[in-house]
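J.: Chains as they are written, first to last, in this note's numbering: chain A, 1 to 141; chain B, 1 to 141.
There's a structure below that I have some questions on.
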């Protein structure tokens, strides 16, 4: 490997940055950035909500980063912390009705925004890209 | 898009983070992190060296970030700033002989390190991934 243009790490970093920038721009109207959005999607997607520990694990973030993101989403009324039904010591982060609504709108915007950097690939190629990336992410456990 | 696991932006961010972490671990022995390494590869790859402005553009970084990375590489004796032969006002960042040697060793380590997160894909799949990502990066200009 002598060229960065053939380096998977470099390409991943650049492509990831391009898509994150486009997603941030698409989400700006909701006052969200891509990390808030990821937390919101997970919090809204789990029936009972998700612990901050699980959020950190799923997102590959430090727990302290997740606490801040959840604080900001809670201040905006999009998520709330609820005690777990099975373990009262654990707090679960769950989407509020407003959060669910914002998530649906934000998802449409984010998907459209991502098509700016990804639109050079057709649908099948984008599906292939997602499938390959999914395997890399899943294999990390 | 209701699931993050089907979101290209999320998958890119997670996969990029996994590969960057593995590359950083592989490069630690050289005292380099992945961004230093990228600058070193570009500086060593261009016959005359590369301006800081071009480095920033190629790497998708702010010029101020590039200045700091170049300073650190120069302090380690791996690159040097030389006046351009065609425009004396422009300084080009070029690899030193030591930098060239370190780059070759670091490239082998980085490639091996990346196989930890990417090794779940066979060679053909990795080539497909790189080709798709290259098109996304190139189309951003």
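Each residue gets a CB set at the ideal place from its N, CA and C atoms; glycine is no exception.
Name the chain A residues that come within less than 7 Å of residue 6 of chain B, Cβ to Cβ?
T.: Here the neighbours are 130.
J.: Given residue 28 of chain A, which residues of its chain have a CB within under 8 Å of its CB, disregarding the five upstream and five downstream residues?
T.: Once the five neighbours on either side are set aside, residue 28 of chain A has no close Cβ partner at all.
J.: Is residue 3 of chain B close to chain A, meaning its C-beta is less than 8 Å from at least one C-beta of that chain?
T.: At least one chain A Cβ lies under 8 Å of residue 3 of chain B.
J.: Taking residue 80 of chain B as part of the beta strand (DSSP E), name the residues at either end of that continuous run.
T.: From DSSP, the beta strand (DSSP E) with residue 80 of chain B extends over 79 to 83.
J.: Please check if any C-beta of chain B sits within less than 8 Å of the C-beta of residue 14 of chain A.
T.: With 8 Å as the cut-off, residue 14 of chain A counts as an interface residue toward chain B.
J.: Between which residues of its own chain and residue 107 of chain B is the CB-CB distance below 6 Å, once the five residues before and five after are set aside?
T.: So the list is empty, once near-sequence residues are dropped.
J.: Going along the chain, which unbroken runs of the alpha helix (DSSP H) with 4 or more residues stay wholly within the region 17 to 57 of chain A?
T.: You should have 34 to 45.
J.: Give me the chain A residues within the contact set of residue 126 of chain B, using Cβ-Cβ distance strictly less than 7 Å, ordered along the chain.
T.: Per Cβ cutoff of 7 Å: 8.
J.: Below 7 Å between beta carbons is the criterion; list the residues of the region 20 to 34 of chain A that meet it against any residue of chain B, in chain order.
T.: Listed by position, the residues of the region 20 to 34 of chain A near chain B (Cβ gap below 7 Å) are 20, 23 and 34.
J.: Around the C-beta of residue 75 of chain B, are 16 or more other C-beta atoms found within 10 angstroms, so that it is buried, or is it exposed?
T.: With fewer than 16 other Cβ atoms within 10 Å, it is exposed.
J.: With burial defined as no fewer than 16 other Cβ atoms inside 10 Å of the residue's Cβ, what is the status of residue 117 of chain B: buried or exposed?
T.: Looking at its Cβ environment, which holds 16 or more other Cβ atoms inside 10 Å, residue 117 of chain B is buried.
J.: Would residue 133 of chain A pass as a contact of residue 15 of chain B if the rule is Cβ separation under 8 Å?
T.: It is a contact, given that the beta carbons lie within the stated cut-off.
J.: If distances are taken between C-alpha atoms only, which option among B:30, B:69, B:34 and B:44 comes closest to residue 8 of chain A?
T.: Ranking the options by Cα distance to residue 8 of chain A, first place goes to B:34.
J.: What is the rounded straight-line gap between the Cα of residue 4 of chain A and the Cα of residue 103 of chain A?
T.: Approximately 37 Å, taken between the alpha carbons.
J.: Which first and last residues belong to the alpha helix (DSSP H) in which residue 74 of chain B is found?
T.: Where residue 74 of chain B is concerned, the enclosing alpha helix (DSSP H) stretches over 63 to 75.
J.: Helix, strand or coil for residue 94 of chain A per DSSP?
T.: Of the three classes helix, strand and coil, the one that applies to residue 94 of chain A here is strand, per DSSP.
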